[in-house]
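The structure appears below as structure tokens.
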Amino acid sequence: MTEQTHKAGFVNIIGKPNVGKSTLMNVLIGERLSIISSKAQTTRHRIMGIINDDSYQIVFSDTPGMLKPKYELHKNMMSFVHMSLEDADVILFVTDLFETEEEIEDVIEKINQSGVPVLLVINKIDLSKEDQLNEVTAYWTQRIKAETIIPISATESFNTERILQEILDRLPYHPPFYDKEELTDKPERFFASEIIREKIFLNYKKEIPYSTEVAIEDFYEEDKIIRIRAIIYVERSSQKGIIIGEGGKALKRIGIQAREEMEKFFGKKIFLETYVKVEEDWRKNKNKLKKFGYDQ
-3 MTEQTHKAGF VNIIGKPNVG KSTLMNVLIG ERLSIISSKA QTTRHRIMGI INDDSYQIVF
57 SDTPGMLKPK YELHKNMMSF VHMSLEDADV ILFVTDLFET EEEIEDVIEK INQSGVPVLL
117 VINKIDLSKE DQLNEVTAYW TQRIKAETII PISATESFNT ERILQEILDR LPYHPPFYDK
177 EELTDKPERF FASEIIREKI FLNYKKEIPY STEVAIEDFY EEDKIIRIRA IIYVERSSQK
237 GIIIGEGGKA LKRIGIQARE EMEKFFGKKI FLETYVKVEE DWRKNKNKLK KFGYDQ
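Residue numbering for the sequence shown is -3 to 292, as defined by my numbering.
Spelled out as structure tokens, the structure:
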């Protein structure tokens, strides 16, 4: 394998919240690395997933949804987005039939000035009504300097194989950046916390999921079992009561769902302990954000 025959590069997936970026990356990778939820802003970190082949390595990056920051947390999330424009070999700009450029005009300007090849991916076409796809395509082609347009349905894996071919056509010749056995650059603790956070998004309403952060205090892997101790942080005492629920039933349900998901993900039995603590206004405090790994 030489530098002239092997392709490798970074493909960064960006777009507004809830357009299906995480679903798309999971489909392309073939693994569930990113949180999938009907709620917006579920991805907070930049998550890398890697596709390996004898002749290429594609390093995908799923970024938080583009938004106007309201908290320090949002500012940090947007820093991941801006950073992804700087190190990309290919940008996948994902939108859907319903989103516009409102509130993200400055990011679109940066994309257009980046000089990086852009693939415009229009998701959720399974929901399209007559002429809607044509109208959406016309709208975005006036705003994004894209090399090609790819209509897809990520949930139905429709036309997603075309994305891989379009990426490979534009990927530079380069030796692999990571070991060919690697699937992601994130540690196992990270995915344990993300799985718990996903179950919180699925089980609680309104502001509760957005006010929650999960930290893995202990992660001990034995031959047949992984023992995990997780702390769920909230911003208010009242939120702690909601997370725990009457008689601890709500927290128990989260624990059961997360354990079952982890056992599928890690391929081992999981012993999971979950606790709830209050960390007041952690989303607005830079020092507390650093404690939770938001240190960009």
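Glycine included, C-beta positions come from ideal geometry on N, C-alpha and C.
The structure displayed is predicted, hence computed values, not measured ones.
| field | Close beta carbons around K64, own chain, < 7 Å, minus the five adjacent residues each side | value | Here residue 64 corresponds to residue number 68 of the sequence shown, with the count starting at 1. In this prediction, K64 has a pLDDT of 49, which is less than 50 and means its spatial position is unreliable; what the coordinates show is noted afterwards. If we look at K64 and ignore the five residues flanking it on each side, its Cβ neighbours are E99.
| Pair within 8 Å by beta-carbon distance, T144 and E162 | Counted from its first residue, the sequence shown places residue 144 at position 148. Counted from its first residue, the sequence shown places residue 162 at position 166. Cβ atoms of T144 and E162: closer than 8 Å.
| said: Pairs of beta-carbons, one from the region 231 to 250 and one from the region 258 to 267, closer than 8 Å: are there three or more? | reply: no
| C-alpha distance - I348 paired with Y229, whole-angstrom precision | Outside the displayed span of the chain (-3 to 292) sits residue 348, for which this structure offers no information.
| query | What residues are listed by DSSP as bridge partners for A226? | reply | Looking up residue 226 in the sequence shown gives position 230. I212 and T270, per the DSSP bridge assignment.
| Of the listed residues T19, L167 and E97, nearest to I87 (C-alpha basis) | Along the sequence shown, read from residue 1 onward, the residue named residue 87 stands at position 91. Of T19, L167 and E97, the residue nearest in Cα terms is L167.
| request: Indicate whether K195 and Q235 have their beta-carbon atoms separated by less than 8 Å. | output: Numbered from 1 along the sequence shown, position 199 holds the residue referred to as residue 195. Numbered from 1 along the sequence shown, position 239 holds the residue referred to as residue 235. Not in contact: K195 and Q235 (Cβ atoms no closer than 8 Å).
| said: Between L93 and I121, how many whole angstroms is the CB-CB distance? I'm expecting something under 8 Å. | reply: Against the sequence shown, residue 93 aligns to sequence position 97. Against the sequence shown, residue 121 aligns to sequence position 125. With 8 Å as the limit, L93 and I121 qualify as a contact, their Cβ atoms being about 7 Å apart.
| said: Helix, strand or coil, according to DSSP, for I54 in the structure here? | reply: Within the sequence shown, numbered from 1, the residue matching residue 54 stands at position 58. Three-state DSSP puts I54 in a strand.
| query | For E105, does the count of other Cβ atoms within 10 angstroms reach 16, so buried, or fall short, so exposed? | reply | As a position in the sequence shown, residue 105 is number 109, starting the count at 1. By the 10 Å Cβ count, E105 comes out exposed.
| task | Identify the continuous beta strand (DSSP E) that holds V23 and give its terminal residues. | result | For this step, residue 23 is matched to residue 27 along the sequence shown. Careful: V23 lies outside any beta strand (DSSP E), inside the alpha helix (DSSP H) at K17 to I25.
| said: If I follow the unbroken alpha helix (DSSP H) through V103, where does it start and stop? | reply: Stepping through the sequence shown from its first residue, residue 103 is reached at position 107. Run containing V103: E101 to Q109, per the alpha helix (DSSP H) assignment.
| task | Return the chain-ordered list of same chain residues with a C-beta closer than 8 Å to the C-beta of I107, the five sequence neighbours on each side being excluded. | result | Counting from one through the sequence shown, the residue named residue 107 turns up at place 111. Taken in chain order, the residues that qualify are I10, L81, I87, F89, V114, I140 and K141.
| query | Is it true that the CB of I204 sits closer than 8 Å to the CB of I266? | reply | Walking along the sequence shown from the start, residue 266 turns up at place 270. Walking along the sequence shown from the start, residue 204 turns up at place 208. Going by C-beta atoms, I266 is not nearer than 8 Å to I204.
| Is the Cβ-Cβ distance between L164 and Y52 less than 8 Å? | Locating residue 164 in the sequence shown gives position 168, where the first residue counts as 1. Locating residue 52 in the sequence shown gives position 56, where the first residue counts as 1. A contact, by the Cβ cut-off of 8 Å.
| What are the start and end residues of the alpha helix (DSSP H) that includes F197? | The residue given as residue 197 occupies position 201 in the sequence shown. It spans E184 to N199 - the alpha helix (DSSP H) in which F197 sits, taken as one unbroken run.
| field | Local conformation of S234 per DSSP, three classes | value | Here the question's residue 234 lines up with position 238 in the sequence shown. Here S234 sits in helix by DSSP.
| request: Give the straight-line distance between the Cα atoms of Y328 and Y169, rounded to the nearest whole angstrom. | output: Since the first residue shown for the chain is -3 and the last is 292, residue 328 is missing from the structure and cannot be characterised.
| I87 in three-state terms, based on DSSP | Stepping through the sequence shown from its first residue, residue 87 is reached at position 91. Three-state DSSP puts I87 in a strand.
| said: I'd like the span of the beta strand (DSSP E) that includes L115, first residue to last. | reply: Along the sequence shown, read from residue 1 onward, the residue named residue 115 stands at position 119. V114 to N119 is the extent of the beta strand (DSSP E) around L115.
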